[in-house]
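Participant: After the structure tokens below, expect a handful of questions from me.
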Amino acid sequence: MHHNPNLNGRELLLTPRFPGPHRATGCGIISPDLAKAGGLLEGRRIADLADMYYIPFSPHNICGSIGTVAASHVCAAVPNFQVLEFHHLDNELWSNLTVGDNLIELGHLSVPTDPGLGVALDETVAKDATVEDLEFFE
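Every position in the sequence shown, counted from 1, becomes a number in our numbering once 174 is added.
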């Protein structure tokens, strides 16, 4: 019999909402949206709780390059990481929004090791991409 795991947690906002042991068996993979789930530390907590029940951690990710790099740091720090969702392979803005080398090669993202998130925003590209009627943050 083929088994497809149930993916849960995309709308999981904080660790107190994580399914406890009585419900964890119905969750095959936990997939919180780290941009909504309280940030990087809260994402790490969710991954750690999932690991207690042997549940793989595969974050939902529709972020741009900086959010994806931030998520990659969480993924690299947890033992139950499985895969990071990614949608922007052929998006020129995504590739140009950060300064430096291409972050993704042959489907693999190397976690940057420079200080902070390890990437720098190209402010010129970001300003050019700002939606009309909105101001670029300073």
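C-beta: ideal position from N, C-alpha, C; glycine also. Remember, it's a predicted structure, so these values are computed and weren't measured experimentally.
(1) I'd like the span of the alpha helix (DSSP H) that includes SER239, first residue to last.
(2) Which residues does DSSP pair with THR272 in a beta bridge?
(3) Judging by CA-CA distance, which residue of THR272, ILE229 and TYR227 is the nearest neighbour of THR298?
(4) Roughly how far, in whole angstroms, is the beta-carbon of LEU232 from the beta-carbon of ILE278, given that I think they are within contact range, below 8 Å?
(5) Tell me the residue span of the alpha helix (DSSP H) that contains LEU214.
(6) Among HIS262, GLY213 and SER246, whose alpha-carbon lies nearest the alpha-carbon of GLN146?
(7) Among the residues of its own chain, which have a CB less than 7 Å from the CB of ASP275, if the five just before and after it don't count?
(8) Taking C-beta to C-beta, are PRO270 and ASP296 nearer than 8 Å?
(9) Does ASP264 pass the burial test, meaning 16 or more other C-beta atoms within 10 Å, or should it be called exposed?
(10) Run the CB neighbour count on ILE236, radius 10 Å, all protein chains shown included, and call it buried at 16 or more, exposed below.
Facilitator: Result, derived from the coordinates:
(1) Here residue 239 refers to the residue found at position 65 when the sequence shown is read from its first residue. Unbroken alpha helix (DSSP H) run through SER239: 239–250.
(2) Translated into positions along the sequence shown, residue 272 becomes position 98. LEU295.
(3) To locate residue 298, count along the sequence shown from 1; it is residue 124. Checking every option, the nearest Cα to that of THR298 belongs to THR272.
(4) Counting from 1 along the sequence shown, the entry for residue 232 is found at position 58. Counting from 1 along the sequence shown, the entry for residue 278 is found at position 104. Before going further, note that residue 232 is Ser rather than Leu in the sequence given. SER232 to ILE278, Cβ: 17 Å. No contact.
(5) Numbered from its first residue, the sequence shown carries residue 214 at position 40. LEU214 -> alpha helix (DSSP H) spans 214–226.
(6) Nothing about residue 146 can be read from this structure; the chain reaches only from 175 to 312.
(7) Translated into the one-based positions of the sequence shown, residue 275 becomes position 101. Within the same chain, ASP275 has no close Cβ partners at all.
(8) Residue 270 sits at position 96 when you count from the first residue of the sequence shown. Residue 296 sits at position 122 when you count from the first residue of the sequence shown. Note that residue 270 is Asn in the sequence shown, not Pro. Against a cut-off of 8 Å, the Cβ pair of ASP296 and ASN270 comes out as a contact.
(9) By one-based count along the sequence shown, residue 264 stands at place 90. Result: exposed.
(10) By 1-based counting over the sequence shown, the position of residue 236 is 62. Per the 10 Å Cβ criterion, exposed.
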